[in-house]
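Residue numbers (the numbering used here): 38 to 307.
Cβ coordinates follow ideal geometry from the N, Cα and C atoms, glycine included.
Working notes for the structure below.
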């Protein structure tokens with residue numbers, strides 16, 4: 038009798054996700070599906086887009102004359118993006134299942150797996166705090182001129198002034214970004230969709246990156262390009278671009294993780 042109970046209990050436990058291989062062009066399909074979700078559910082998508090834009094504008098306004106803090110806060114904003122985009126994942130999931138495009142249910146979607154999502158949020162928060170501190174240290178050690186305002190900092194980026202600082206700052210920032218990207222590509226959708234634990238979700242996400250380096254490089258490049266466009270438009274572009282990235286991230290999860298009990302389809306399958 039005990040053996041039967043043990044077997045039944047084991048069968049109910051979430052299995053480790055099966056990561057599939059995708060071709061390098063898959064991110065373009067994800068963006069296309071994200072556009073479809075945005076068109077089908079514009080109002081809730083724009084709500085989250087305005088939230089992203091408002092946060093970016095607030096950071097820039099508050100730290101206009103202390104750009105060493107603005108750079109850290111803005112970068113941290115990007116590090117926490119996967120957690121902030123949960124509502125967009127839920128919009129895409131609801132559309133898949135033929136449900137209506139209601140905003141209210143997406144606001145509390147974190148309750149579905151609150152404990153593990155909380156653990157993931159703590160991990161991202163720690164990474165953000167370490168990066169914020171590292172950013173300030175880099176400014177203190179390598180920034181040789183008087184700290185500029187926003188326009189002055191952007192001018193130095195364009196003209197490549199203080200090249201040593203730029204190389205160190207963006208190299209360290211890239212390291213933190215790669216860590217977060219590897220751990221969060223599919224982790225939050227997994228926790229929401231399958232009630233997966235945080236550690237397994239992050240390991241599966243790292244596995245997706247390791248198994249699909251070409252597609253992940255393309256996907257990361259698309260995210261960076263769209264984000265830069267959003268910031269260069271005084272954050273207003275984030276209103277549309279961040280929802281697109283959020284919706285597309287859900288479809289990235291659907292492509293990269295095989296449904297429970299299904300065999301992975303051939304590489305490059307639509």
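Option in the options with minimal Cα separation from residue i
i, options, result
"residue 249", "263, 54, 59 and 262", "59"
"residue 132", "208, 71 and 245", "71"
"residue 264", "137, 144, 282 and 129", "282"
"residue 277", "235, 91 and 229", "91"
"residue 175", "160, 151, 69 and 210", "210"
"residue 256", "218, 291, 240 and 227", "218"
"residue 272", "122, 144, 159 and 98", "98"
"residue 160", "83, 145 and 238", "238"
"residue 279", "57, 84 and 54", "84"
"residue 61", "169, 289 and 296", "289"
"residue 224", "79, 204 and 122", "122"
Per-residue burial, residue i [other beta carbons within 10 Å of its own, 16 or more giving buried]
i, result
"residue 359", "The shown model of the chain, from 38 to 307, leaves out residue 359, and the question about it has no answer."
"residue 96", "buried"
"residue 74", "buried"
"residue 177", "exposed"
"residue 130", "buried"
"residue 155", "exposed"
"residue 54", "buried"
"residue 247", "exposed"
"residue 57", "buried"
"residue 48", "For residue 48, the predicted structure reports a pLDDT of 42, less than 50, and the residue's modelled location is therefore unreliable. A value from the coordinates is still provided. Residue 48 is exposed by the Cβ-count criterion."
Three-state secondary structure assigned by DSSP to residue i
i, result
"residue 16", "Because the chain spans 38 through 307 in this model, residue 16 falls outside it and cannot be assessed."
"residue 222", "coil"
"residue 303", "At residue 303, the pLDDT of 42 sits below 50, so the modelled position is not reliable and the matter cannot be decided from this model."
"residue 138", "coil"
"residue 44", "Only weak support is given to the placement of residue 44: the predicted model assigns it a pLDDT of 40, under 50, and the value that follows is read from those uncertain coordinates. It is helical."
"residue 198", "coil"
"residue 97", "helix"
"residue 230", "helix"
"residue 39", "The pLDDT assigned to residue 39 is 42, lower than 50, so where the model puts this residue is not dependable; a value taken from the coordinates is nonetheless given after this. If DSSP states are grouped into helix, strand and coil, residue 39 belongs with the helices."
"residue 143", "helix"
Range covered by the alpha helix (DSSP H) that runs through residue i
i, result
"residue 126", "123-133"
"residue 153", "151-179"
"residue 66", "63-77"
Problem - Unbroken stretches of the alpha helix (DSSP H), 4 residues or longer, contained in the region 265-300 - result: 275-293
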